[in-house]
Structure formats: C-alpha cells, structure tokens
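Visitor: Sharing a structure with you now.
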Amino acid sequence: MRYVLMICSDETAGTDPAAAAATGCGGWSREMAGRGVIRGGAGLRPADEATTVKVRGGEVLLTDGPFAETKDQIGGFSVIECGGLDEAVEIAARHPWAALGQIEIRPVQEPGADGP
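Okay, here's the thing in structure tokens:
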C-alpha cells in the first residue's frame, strides 16, 4: 500500500517544518530510505506563500494564502510504500515531527482505481 504522510503543525507555534526537512528530519529520511519504504516527498514553503485556485461559472479565481483558514498547515509530505496501515503508523510515529506537530496518514488512490 502507498500512503502520503502529511507533516502538519501550528505555524504560529514557532515550529518550522522546513528547518526539520533541511536536516533530513533527524536521520528519519535516511533510515526510511534504508528500509526501502520512501517513494518521494518534499518540504513545502510557508502557507502564506500559497495561491488557491477556484473556478466558478467558468471564471478562474485566485486567492493568496492557503485554502483553509486555520493555524495548522501542511509543512511537507512523504510518500511511503509499506505492508499496510499498521506499518504506516509505525513509520509515522518514528518521524521526529510526530513529537512536535502531527502527521496525517492518507492512503493513496492510484489513478484509474475505483474509489473506496
């Protein structure tokens, strides 16, 4: 199964996912690459640099900033492939960011696959 781990935090709390990503997340990235479970990922620029796109009545509407009006924002993501949800939870729990913010685990719906 493939999962996306969304690395989330309260941007107003002074925790910086980009800084953590720059350090390889305390060796987590190297460990998971050694296990062969990492399939991709990246850190994201701060949410205040986002642009949100909507199309309404054929008109493209742009808004500066994130879609959601919330302090909790996604600071990065990792794509993993593992045996199932139990292993995905174990992998996410080992990520240093789990002790600072939270990590949302979301199964990947492969293109062309039927919905849940």
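Here the sequence shown stands for residues 34 to 149, where the numbers follow the working numbering. From the three backbone atoms N, C-alpha and C, an ideal C-beta is built for every residue, glycine too.
1) Can you tell which of Lys87, Gly145, Ala126, Pro140 has its C-alpha closest to the C-alpha of methionine 65?
2) CA-CA distance, glycine 76 and isoleucine 40?
3) Note down the Cα distance separating tryptophan 61 from histidine 128, rounded to an integer number of angstroms.
4) Please report the distance separating the alpha-carbon of glycine 209 from that of arginine 78.
5) With a 10 Å radius around its C-beta and 16 neighbouring C-beta atoms as the bar for buried, classify leucine 95 as buried or exposed.
Guide: Taking the definition as stated:
1) For the residues Lys87, Gly145, Ala126, Pro140, the minimum Cα distance to methionine 65 belongs to Ala126.
2) In a straight line, the C-alpha of glycine 76 is about 9 Å away from that of isoleucine 40.
3) One C-alpha to the other measures close to 6 Å.
4) This structure gives no information on residue 209, because the portion of the chain shown stretches from 34 to 149.
5) With a threshold of 16 other beta carbon atoms within 10 Å, leucine 95 falls short and is exposed.
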